[in-house]
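Novice: Please find one structure pasted underneath; my questions will follow.
Residue numbers (my numbering): -11 to 261.
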């Protein structure tokens, strides 16, 4: 009996001790909530290629004149070469600054190396294959060399006897002196000067200068000659009848090779005989 009671007490004590024991609570660290990344596929936006703006010939010439007009006038003041002639040659020879010689060598006048040239040079096909042309660090140097080239050679000396506004005489004189081999060189220069009114650069006020009509009056030596401004519908025949002169006389006074005239052109009308 005693043994049974002893065992019962032992069981109860053991149970009591277990119930009173402290259980250590272990807290687990919170796990980060994993967010599911959703890749959003954006629709590619097609950007159209940038196209270079193609300038018209008129715009190209205007840009050329804005850049080189002041330079040509400065050269005219120092070397007495009409700015209209310099600009017309620059436009023609350089292809409005887009020719190979102008782009690569800054040569705007097609001036060849010639004997004694110690500056830069490049080779380009012209009248003959692989001809030597001068090159410059800056286009302004090309303009200065053009002035020195014309003023420093005896064969061009007679040009400086012409009035600085007589661009036609200068254009024909350049061909006569051998500046270019193209038989139409004078006509091309004159056409460029008249089309873009480059004669305005030959006066003190530059682009705000007198009109072509005033220019014509300034070089007409016979004060009895008249000036006719060509209008739409005019022909040499109708103009000749209006002033009672012959077509040939008008062509002779204006150095016209054919009967082509254009609106705004100023024609010298010879006096009646």
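We put the CB at the ideal spot given by N, CA and C, even for glycine.
As the structure is a prediction and not an experimental result, all values here were calculated from the model.
Need the endpoints of the beta strand (DSSP E) that residue 254 sits in, please.
Specialist: 254 to 257
Novice: Give the single residue among 77, 53 and 123 whose Cα lies nearest to the Cα of residue 106.
Specialist: 123
Novice: Quick check: what's the CA-CA separation for residue 143 versus residue 253?
Specialist: 32 angstroms
Novice: Inspect the beta-carbon positions of residue 138 and residue 69 and report whether they are closer than 7 angstroms.
Specialist: yes
Novice: Give the single residue among 47, 102, 119 and 111 whose Cα lies nearest to the Cα of residue 85.
Specialist: 47
Novice: Span of the beta strand (DSSP E) holding residue 132?
Specialist: It is not in any beta strand (DSSP E) - residue 132 instead sits in the alpha helix (DSSP H) that spans 127 to 139.
Novice: Counting only the same chain and skipping the five closest in sequence on each side, list residues whose C-beta sits under 7 angstroms from that of residue 92.
Specialist: 110
Novice: With respect to the alpha helix (DSSP H) encompassing residue 241, which residues constitute its N-terminal and C-terminal limits?
Specialist: DSSP places residue 241 inside the alpha helix (DSSP H), whose first and last residues are 235 to 241.
Novice: Nearest-angstrom Cα distance between residue 57 and residue 258?
Specialist: Roughly 34 angstroms separates the two Cα atoms.
Novice: Ordered along the chain, which non-local residues of its own chain (more than five positions away) have a Cβ less than 6 angstroms from that of residue 184?
Specialist: 49
Novice: Can you give the beta carbon distance from residue 97 to residue 78, rounded, assuming they're within the 8 angstroms contact cut?
Specialist: 6 angstroms
Novice: The beta strand (DSSP E) spanning residue 52 covers which residue range?
Specialist: Per DSSP, residue 52 belongs to no beta strand (DSSP E); it is in the alpha helix (DSSP H), 45 to 67.
Novice: Work out the CA separation of residue 177 and residue 83 for me, nearest whole Å.
Specialist: 13 angstroms
Novice: Do you know offhand how far residue 133's Cα is from residue 147's?
Specialist: 17 angstroms
Novice: Sort 215, 170 and 127 by Cα distance to residue 95 and report the nearest one.
Specialist: When C-alpha distances from residue 95 are compared across 215, 170 and 127, the shortest belongs to 127.
Novice: Which value, in whole angstroms, describes the spacing of the CA atoms of residue 157 and residue 237?
Specialist: Using only the alpha carbons, I get a separation of about 19 angstroms.
Novice: Throw me the rounded Cβ distance for the residue 61 and residue 189 pair, which I believe falls under 8 angstroms.
Specialist: 6 angstroms
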